[in-house]
Amino acid sequence: MAGVLKTSPAGAAAARNGRRSGRGRKTLVRLVLVRLAASAGVLWGAVTVTFVLLQVMPGSTADVLLARSAVGPEVRAAIIAEYGLDDPLPLQYLTYLGRIVRGEFGESYVLRRPVWDEIAAQLPGTLLLVATTLLATAVAAVVHGVVSANRRAWVRSLFASAESLVVALPPFWLGLLLLTVFSFTLHWFPAIGSSSPAGLVLPTAALAAGPAAVVAGVLREGLLRAMDEPFVVTARARGIGEAALRLRHVLRHALLPVTTLLGWIAGSLIGGAVIIEIVFSRQGIGRLALSAVANKDMPMVIAVVLVTAVAFVLVTIAVDILTWVIDPRTRDAGR
Amino acid sequence: MPRSLWPWTAVLVVLAVMAAVPSLFTGIDPDAADLNAPLHPPSAEHWLGTDQNGRDLYARIVYGARPSLLIGTGAVLLALAAGVVIGVAAAQLGRVADQVLSRSLDVVLSVPGLLLVFLVVAVLGPGSGTAAVGLAVVSMPGFARVARSEVIRLRSAQYVEAAHGFGWSRAQVVARHVLPNAAGPVLALATVSLGAMIVASSSLSFVGLGPRPPTAEWGAMLSDSREFLALAWWPAVFPGVAITVAVLAVTFVGQHLNRRVEGRLS
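Chains C and R are the protein sequences, given in the same order. Residue 87 is where the first sequence starts when you use this note's numbering, and the numbers rise one by one after that. Residue 2 is where the second sequence starts when you use this note's numbering, and the numbers rise one by one after that.
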């Protein structure tokens with residue numbers, strides 16, 4: 087955090103020149119390029135790890151890819167030709183790398199379908215859940231954070247205790263409780279396996295509760311700290327109302343660490359959604375991944391891992407850009 | 002220790018004893034199925050009711066403490082050990098080693114945690130040990146990063162430079178001076194991670210990637226309860242209460258220990 091808050095001559099200059107200055111744009115392009123290059127390296131590492139795993143798993147690589155599905159010898163021969171499994175290892179690696187770069191994740195011999203078709207069919211459901219959760223997290227955290235940023239210590243500690251409790255709740259259990267109360271007892275929401283918008287409410291709530299509590303806590307700290315800043319006195323001296331002061335000046339100031347945190351949460355939600363999808367029997371990457379693991383369907387497992395890694399990395403870059411836009415102080419070229 | 006923490010410390014002690022000697026808390030066999038009493042609500046005979054096979058839920062929660070808490074604890078210990086070794090190596094073995102290890106950690110961090118665990122389970126097959134290893138792989142980079150930055154910070158400390166001046170070998174200095182002083186932040190991370198690891202391990206059991214049935218495990222019990230939600234609320238409630246209380250106790254006591262360590266350091 088110290089790096090984020092550091093003001094440097096370069097950052098100050100960029101701030102003075104404003105968001106649209108030539109210098110600022112150049113730094114943003116630089117930031118994006120550097121981050122893209124680093125991410126490409128990381129993803130190459132991830133692909134390499136999956137290649138190594140395929141090699142070290144017991145049984146021949148063809149058997150591993152087949153997950154012991156019963157196939158004819160001609161399919162087996164096709165796999166060996168496709169992956170170049172008779173070639174020396176370095177060549178096999180290059181073949182593998184080339185396939186992944188072209189997005190050829192192969193076929194799931196368990197499902198008898200191209201891996202990519204299956205993922206493309208399941209991904210939108212998961213992304214929709216992640217998006218609604220992120221929105222719910224942000225809204226709930228801002229409302230809760232602003233309301234609880236109270237100067238009385240006992241009010242703050244009451245909210246903090248509630249947040250600790252919510253964070254300790256396993257999301258999948260919260261999902262079960264919500265199902266028991268709102269679906270099976272009150273019948274307000276469809277039970278499980280629903281793809282209607284109403285069916286999205288409970289999974290979103292179960293997934294958003296924990297992150298919202300964490301973000302609200304951070305936001306409250308930031309709000310209280312920002313309330314002590316000199317600009318608050320200035321704004322008050324200009325005769326601004328308390329609500330306007332909080333919403334227009336203090337909140338904006340406190341939102342920066344929250345943006346970083348939300349980005350991190352967006353990444354981790356991809357994993358969290360997996361469990362929640364299973365609780366609510368929703369279509370999505372989660373159930374796909376789980377059944378692939380249960381069947382040792384390695385082409386599918388590897389594809390899901392790599393696709394989510396790409397999503398994760400893209401989210402991280404997006405957050406960096408967002409931080410750059412929101413806070414001129416972070417535009418320190420040396421960072 | 003502040004008075005408000007006493008109940009949580011007591012909870013931790015009770016959970017530890019429960020995990021070690023479950024028979025102290027109940028005489029009922031957690032695996033004894035009574036097919037005449039499936040899904041009985043809480044009563045004098047079955048304090049927390051019975052599950053779909055007529056097994057006593059209280060006994061299963063008591064016996065479930067060991068697997069439920071051990072996987073998360075094991076994962077933290079594994080991650081701690083591996084992370085410290087990697088972190089110290091990155092800090093001590095020169096620029097190339099540092100680059101290779103640090104970029105490898107980035108690779109591990111680029112995959113969403115749960116899916117990385119799935120990958121480990123797909124390779125090693127499901128089970129308690131695999132779950133612990135998978136969770137350890139996911140949380141290891143955090144420990145490695147903290148250990149690395151602590152070692153680098155301490156490298157310029159005067160007593161470390163003095164020890165080098167006395168002609169001590171690098172390994173001696175690391176073992177005698179650097180590690181003991183780097184322990185605080187690393188252990189702080191361990192206590193913070195423990196609660197999250199307990200939740201994560203129960204999540205794995207919930208989706209069937211934890212200990213094999215009929216092992217009583219809190220996450221697995223909640224998974225069983227799913228099919229009977231419309232009939233019985235108690236199997237879906239009590240194991241979750243156990244997880245939440247355990248996580249809260251670990252978190253509150255851990256936070257207190259961290260504050261004390263920080264206070265001593267500053």
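Quick reminder that beta carbons are idealized off the backbone N, C-alpha and C, glycines included. Being a predicted model, the structure only gives us computed values, none of them experimental.
Just to confirm before moving on: does the CB-CB distance between residue i and residue j stay below 8 Å?
| i | j | result |
| --- | --- | --- |
| R/V139 | R/V108 | no |
| C/Y195 | C/L139 | no |
| C/L310 | C/A239 | no |
| R/A243 | R/W219 | yes |
| R/G166 | R/I72 | no |
| C/I407 | C/L342 | no |
| C/M313 | C/A153 | no |
| C/E193 | C/V201 | yes |
| R/A123 | R/A76 | no |
| C/A395 | C/L129 | yes |
| R/R56 | R/A33 | yes |
| R/V254 | R/A189 | no |
| R/W235 | R/L58 | yes |
| R/A247 | R/S202 | no |
| C/G308 | C/A340 | yes |
| C/S125 | C/I356 | no |
| R/L49 | R/I62 | yes |
Grab the span of the alpha helix (DSSP H) containing residue i for me, first residue to last.
| i | result |
| --- | --- |
| R/Y160 | 159-166 |
| C/Y195 | Looking at the DSSP string, C/Y195 is not in any alpha helix (DSSP H), and its letter there is neither H nor E. |
| C/G327 | Note, C/G327: premise wrong, no alpha helix (DSSP H); not H, not E. |
| C/V399 | 384-412 |
| R/T131 | 129-156 |
| C/G261 | 257-264 |
| C/H230 | 201-234 |
| R/Q100 | 96-110 |
| C/R242 | 239-254 |
| R/A119 | In the sequence under discussion, the amino acid at residue 119 of chain R is Phe, which differs from the Ala named in the question. 114-125 is the span of the alpha helix (DSSP H), which, as asked, contains R/F119. |
| C/P176 | 175-187 |
| C/R311 | 287-313 |
| R/Q173 | 171-174 |
| C/M143 | Segment: none, C/M143 is in no alpha helix (DSSP H) and carries neither H nor E. |
| R/F207 | 180-207 |
| R/L16 | 7-21 |
| C/G358 | 337-365 |
| R/M222 | 219-226 |
| R/R4 | Element bounds for R/R4: n/a, residue is neither H nor E. |
| C/D159 | The sequence given here has Pro at residue 159 of chain C, not Asp. C/P159 -> alpha helix (DSSP H) spans 159-169. |
| C/R373 | 371-380 |
Give me the Cβ distance between residue i and residue j, rounded to the nearest whole Å; I'm assuming they're in contact under 8 Å.
| i | j | result |
| --- | --- | --- |
| C/T218 | C/I351 | Not really, about 13 Å apart at Cβ, beyond 8 Å. |
| C/L215 | C/P289 | 6 Å |
| R/V200 | C/P210 | No, R/V200 and C/P210 are not in contact; Cβ-Cβ is about 28 Å, not under 8 Å. |
| C/V390 | C/I205 | 7 Å |
| R/F26 | R/V85 | About 35 Å separates the two Cβ atoms, so there is no contact after all. |
| C/V365 | C/L262 | 6 Å |
| R/L232 | R/L40 | 6 Å |
| R/F207 | C/I361 | 7 Å |
| C/H230 | C/A294 | With 8 Å as the limit, C/H230 and C/A294 do not qualify as a contact, their Cβ atoms being about 11 Å apart. |
| C/I166 | C/D172 | 6 Å |
So residue i contacts chain C; which residues on that side make the cut at Cβ distance below 8 Å?
| i | result |
| --- | --- |
| R/P43 | Going along chain C, no residue has its Cβ under 8 Å from R/P43, so there is no contact; the nearest lies around 15 Å. |
| R/R227 | L262, V365 |
| R/V138 | Per Cβ cutoff of 8 Å: no residues; R/V138 is ~11 Å from chain C at best. |
| R/F167 | What R/F167 touches in chain C: nothing, since even the nearest Cβ is about 34 Å away. |
| R/S105 | G131 |
DSSP beta-bridge partners for residue i?
| i | result |
| --- | --- |
| R/T51 | R/D57 |
List the residues of chain C whose Cβ lies closer than 7 Å to the Cβ of residue i, in chain order.
| i | result |
| --- | --- |
| R/S24 | Those do not exist, as R/S24 stays about 27 Å from chain C at its closest Cβ, beyond 7 Å. |
| R/W234 | T266 |
| R/S203 | P256 |
| R/F119 | A375, V379, V387 |
Name the chain R residues whose beta carbon is nearer than 8 Å to that of residue i?
| i | result |
| --- | --- |
| C/S250 | L249, T252, F253 |
| C/S194 | In chain order: nothing, as chain R lies at least about 13 Å away. |
| C/G353 | P113 |
| C/T394 | V112, P113, L116 |
| C/F398 | S111, V112, P113 |
| C/I361 | L115, S204, F207, V208 |
List the residues of chain R that residue i touches, going by C-beta distances under 7 Å, in chain order.
| i | result |
| --- | --- |
| C/F270 | L230, A231 |
| C/I356 | P113 |
When the cut-off is 8 Å and only beta carbons count, does residue i lie next to chain D?
| i | result |
| --- | --- |
| R/P113 | The structure shown contains no chain D; its protein chains are C and R. |
List the residues of chain R that residue i touches, going by C-beta distances under 9 Å, in chain order.
| i | result |
| --- | --- |
| C/L265 | R227, L230, A237 |
| C/L152 | The contacting residues do not exist; C/L152 stays about 14 Å from chain R at best. |
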